[in-house]
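**Student:** My questions will all concern the structure given below.
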Amino acid sequence: MSQNKLTNKGIDRRTFLKVSGAAGIGVAASTFGVPTLLRAAPPTIKIGSVQPATGPLAVIGVGQRRGNQLAVDYINAMGGIKSMDGAKLELLLGDSESKPEVGRSEADRLINGGAAVMTGPFQSGVALAISTLCEQRQVPFIMDVAALDKVTGKGKKYTYRVFITVSGLLNGAVKYLKMVTDMKGVMPKRAVVTNTADAFGKGMSGGFVKFMEKSGMPIEIVDRVQYPLGIHDLSAEVARIKAAKPDILFPVSRPGDGIILARELYKQRVELLGIYGPGSPGWYEPDVIKDLDKLIYYVMVNVPWINPNSAVYQQANAAFQKAHNRYLDTNSAYAYTGIQVIGDILERAASTDPEKILAAARQTNFKNHPVVGGPIQFNEKGDNTGALTALIQVQPDADLLKRVKIVAPKEFAQSDKIVFPAPQLWER
365 MSQNKLTNKG
375 IDRRTFLKVS
385 GAAGIGVAAS
395 TFGVPTLLRA
405 APPTIKIGSV
415 QPATGPLAVI
425 GVGQRRGNQL
435 AVDYINAMGG
445 IKSMDGAKLE
455 LLLGDSESKP
465 EVGRSEADRL
475 INGGAAVMTG
485 PFQSGVALAI
495 STLCEQRQVP
505 FIMDVAALDK
515 VTGKGKKYTY
525 RVFITVSGLL
535 NGAVKYLKMV
545 TDMKGVMPKR
555 AVVTNTADAF
565 GKGMSGGFVK
575 FMEKSGMPIE
585 IVDRVQYPLG
595 IHDLSAEVAR
605 IKAAKPDILF
615 PVSRPGDGII
625 LARELYKQRV
635 ELLGIYGPGS
645 PGWYEPDVIK
655 DLDKLIYYVM
665 VNVPWINPNS
675 AVYQQANAAF
685 QKAHNRYLDT
695 NSAYAYTGIQ
705 VIGDILERAA
715 STDPEKILAA
725 ARQTNFKNHP
735 VVGGPIQFNE
745 KGDNTGALTA
755 LIQVQPDADL
765 LKRVKIVAPK
775 EFAQSDKIVF
785 PAPQLWER
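The working numbering numbers the first residue of the sequence shown as 365 and each following residue consecutively.
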């Protein structure tokens with residue numbers, strides 16, 4: 365399939381904003397200049413999206429839904445799936461509530477409702493549950509976001525991942541940490557790792573500790589602090605962090621606990637050279653940036669981030685900001701990308717038959733996307749071999765939506781400076 369059917373090529377920014385600006389609302393038939401009564405309604409292809417729309421990760425789940433819908437609206441506005449007579453996409457919504465068993469039940473409901481393809485679900489634990497179901501129901505599951513390695517592979521046929529794996533995240537985390545410490549000539553000696561007690565939190569933090577042990581960097585992990593997802597008080601955990609006297613903190617968090625953690629570190633005056641996220645949300649979402657203000661300055665995170673140089677990102681982000689007054693971050697951008705990839709696969713499959721969809725998925729080579737990395741291609745496990753990470757840092761900027769900046773790698777960098785060590789939280 366020609367890439368310009370489902371991406372920005374051949375469409376200007378004004379047209380894109382016109383057809384896609386109201387994400388989540390849909391695009392009226394009149395957009396195309398053809399009276400609805402004069403043409404037969406094209407067939408509809410249903411895509412099931414299960415996201416954590418309520419519960420402790422609602423801020424992310426809502427963003428995921430919006431990213432999915434923006435891509436659906438764009439594809440439909442550009443003529444739908446042309447190889448199937450302009451079939452339009454329809455997004456069926458499910459809410460995992462951040463619970464694997466609920467996510468599986470919701471996926472089952474959407475499949476029963478006619479979903480030809482499933483996507484989502486942000487959380488690896490939920491992804492494991494939905495993947496098992498999709499393998500049983502023989503429904504393609506093309507995940508937009510979920511990182512735990514074991515979600516794919518091991519004989520799975522119907523499961524594919526657009527996002528990066530935990531192993532890929534960890535490689536980037538260690539690489540960029542070594543880059544920063546070498547560049548600044550400052551090597552922390554003591555560190556504490558924190559994580560939420562869900563599947564991703566446990567897997568990511570445990571893997572990071574192992575990667576650090578093999579890295580050759582003389583940083584001792586003096587404590588690991590774990591707490592439940594959705595916790596409302598981290599005073600005891602931060603007191604424990606302070607007692608460990610770390611030079612640097614490595615949090616594997618989510619938006620809610622990230623905010624609580626930063627405030628409590630400030631309250632208890634925990635001295636740190638810096639905060640470095642090996643790869644998790646909680647430090648770059650617009651709501652978090654606004655809420656924490658100066659307290660979040662200089663936090664660094666290794667993350668599969670957006671590509672600011674991509675025309676696809678620039679146009680999609682403009683539409684997203686117009687509709688929601690927030691930027692596409694890594695999660696909502698990958699939600700957008702996931703639907704774009706599904707559209708590309710359906711275009712080449714020219715069918716909703718699962719076997720034809722899988723055959724097309726294996727031949728995917730999707731280049732015009734809005735995220736850091738190479739062409740999206742799937743290996744024998746179903747993982748995206750083109751997925752990469754970037755190092756971002758929150759830096760002062762009068763524009764709230766421009767505070768998160770890529771500082772590495774150079775080809776994507778938005779700032780040529782990295783602040784490390786960082787001023788103490790109470791000195792800003």
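Ideal Cβ placement from N, Cα and C applies to all residues, glycine included.
Excluding five sequence neighbours on each side, which residues of the same chain lie with their C-beta closer than 8 Å to the C-beta of Lys548?
**Tutor:** Here the set comprises Ile782, Phe784, Pro785.
**Student:** For Gln590, report the span of its beta strand (DSSP E) as first-last.
**Tutor:** Element bounds for Gln590: 584-591.
**Student:** Can you check whether the CB of Leu692 is closer than 8 Å to the CB of Pro645?
**Tutor:** No.
**Student:** In this structure, how does DSSP classify Gly737 when only helix, strand and coil are distinguished?
**Tutor:** In the structure shown, Gly737 sits in a strand (DSSP, three-state: E or B).
**Student:** If you drop the 5 nearest sequence neighbours on each side, which residues of the same chain put their C-beta closer than 7 Å to that of Ile660?
**Tutor:** Ala626, Trp647, Val652, Ile653, Val758, listed in sequence order.
**Student:** Compute the distance between the beta-carbons of Ile709 and Thr483, then report whether it is under 8 Å.
**Tutor:** No, the Cβ-Cβ distance between Ile709 and Thr483 is not below 8 Å.
**Student:** Decide yes or no for the touch test of the stretch 706-721 against the stretch 499-509: beta carbon pairs closer than 8 Å, at least 3 of them.
**Tutor:** Segments in contact, yes.
**Student:** Could you check whether Ala537 and Gly643 sit closer than 8 Å to each other, using their CB atoms as the reference points?
**Tutor:** Cβ atoms of Gly643 and Ala537: closer than 8 Å.
**Student:** Since I believe Pro552 is in contact with Ile583 (beta carbons under 8 Å), could you give me their beta-carbon distance rounded to a whole number of angstroms?
**Tutor:** The Cβ separation is near 5 Å, so the contact holds.
**Student:** Below 8 Å on the Cβ atoms is my guess for Pro773 versus Ala754; work out the distance and round it to an integer in Å.
**Tutor:** The Cβ separation is near 7 Å, so the contact holds.
**Student:** Taking DSSP as the reference, what is the three-state secondary structure of Glu719?
**Tutor:** Glu719: helix per DSSP, three-state reduction.
**Student:** Are Arg525 and Ser696 touching if we call contact CB-CB under 8 Å?
**Tutor:** No, the Cβ-Cβ distance between Arg525 and Ser696 is not below 8 Å.
**Student:** How is the beta strand (DSSP E) around Gln487 delimited, first residue to last?
**Tutor:** Taken as a continuous stretch (DSSP letters only), Gln487 belongs to no beta strand (DSSP E), as it is neither H nor E.
**Student:** Report, in whole angstroms, the separation of the C-beta atoms of Leu656 and Ile605, which I expect to be a contact under 8 Å.
**Tutor:** That belief does not hold up - the Cβ atoms of Leu656 and Ile605 are roughly 17 Å apart, past 8 Å.
**Student:** Where in the stretch 417-502 do unbroken runs of the beta strand (DSSP E), each at least 3 residues long, occur, reported from the N-terminal end onward?
**Tutor:** Listed in chain order, they are 452-459, 481-483.
**Student:** In its own chain, which residues sit with a C-beta less than 6 Å from the C-beta of Gly419, not counting the 5 before and 5 after it?
**Tutor:** Only Glu461, Ser462 meet the Cβ criterion.
**Student:** What distance in whole Å lies between the Cβ atoms of Ala491 and Ala510, which are believed to be in contact at a cut-off of 8 Å?
**Tutor:** Indeed, because the Cβ distance is near 4 Å, the residues count as touching under 8 Å.
**Student:** Use the C-beta contact count for Asn440: other C-beta atoms within 10 angstroms, 16 or more gives buried, fewer gives exposed.
**Tutor:** Under this definition Asn440 is a buried residue.
**Student:** What do you reckon, are the CB atoms on Gly580 and Val616 nearer than 8 Å?
**Tutor:** Contact: no.
**Student:** According to DSSP, Phe614 sits in a beta bridge with which residue or residues?
**Tutor:** Beta-bridge pairing links Phe614 to Val557.
**Student:** Alpha carbon to alpha carbon, what distance is there between Thr749 and Phe684?
**Tutor:** Between Phe684 and Thr749, the C-alpha separation is close to 27 Å.
**Student:** Return the residue from the list Val530, Arg588, Lys539, Phe575 that minimises the CA-CA distance to Ala555.
**Tutor:** When only C-alpha atoms are compared, the closest one is Arg588.
**Student:** Does Tyr648 come out as helix, strand or coil in the three-state DSSP assignment?
**Tutor:** Here Tyr648 sits in coil by DSSP.
**Student:** Are the CB atoms of Gln591 and Asp621 nearer to each other than 8 Å?
**Tutor:** Looking at the sequence shown, residue 591 is not Gln but Tyr. Yes, Cβ-Cβ distance for Tyr591 and Asp621 is below 8 Å.
**Student:** Under a three-way DSSP split, which group does Gln757 fall into?
**Tutor:** DSSP places Gln757 in strand when its eight states are reduced to three.
**Student:** Given Thr408, which residues of its chain have a CB within under 6 Å of its CB, disregarding the five upstream and five downstream residues?
**Tutor:** Result list for Thr408: Lys452, Glu454, in chain order.
**Student:** Would you kindly check if the distance between the Cβ of Leu512 and the Cβ of Gly594 is under 8 Å?
**Tutor:** No. Outside cutoff.
**Student:** Return the bridge partner residues of Ala751 from the DSSP annotation.
**Tutor:** Its beta-bridge partners are Gly737.
**Student:** One question on the structure: do His522 and Leu722 come within less than 8 Å of each other, judged by their Cβ atoms?
**Tutor:** Per the sequence shown, residue 522 should be read as Tyr rather than His. It is a contact, given that the beta carbons lie within the stated cut-off.
**Student:** Taking the alpha-carbon of Leu456 as reference, which of Gln433, Ala607, Asp449 has the nearest alpha-carbon?
**Tutor:** The residue with the shortest Cα to Cα distance from Leu456 is Gln433.
**Student:** For Met543, does the three-state DSSP call read helix, strand or coil?
**Tutor:** DSSP places Met543 in helix when its eight states are reduced to three.
**Student:** Would you grab the beta carbon distance between Val515 and Ser531 for me? Rounded to a whole angstrom, and I think it's under 8 Å.
**Tutor:** Contact flag wrong, Cβ pair sits at about 12 Å.
**Student:** What are the boundary residues of the alpha helix (DSSP H) that includes Gly570?
**Tutor:** From DSSP, the alpha helix (DSSP H) with Gly570 extends over 563-579.
**Student:** Could you tell me the distance, in whole angstroms, from the CA atom of Ser413 to the CA atom of Ala435?
**Tutor:** Using only the alpha carbons, I get a separation of about 13 Å.
**Student:** Excluding the 5 residues preceding and the 5 following Asp597 in the sequence, name in chain order all residues of the same chain whose CB lies nearer than 8 Å to its CB.
**Tutor:** Contacts found: Ile624.
**Student:** Pop quiz: Val544 and Val557 are said to be a contact at Cβ under 8 Å. What is the actual Cβ separation, rounded to whole angstroms?
**Tutor:** Rounded, the Cβ-Cβ distance is 17 Å, inconsistent with contact.
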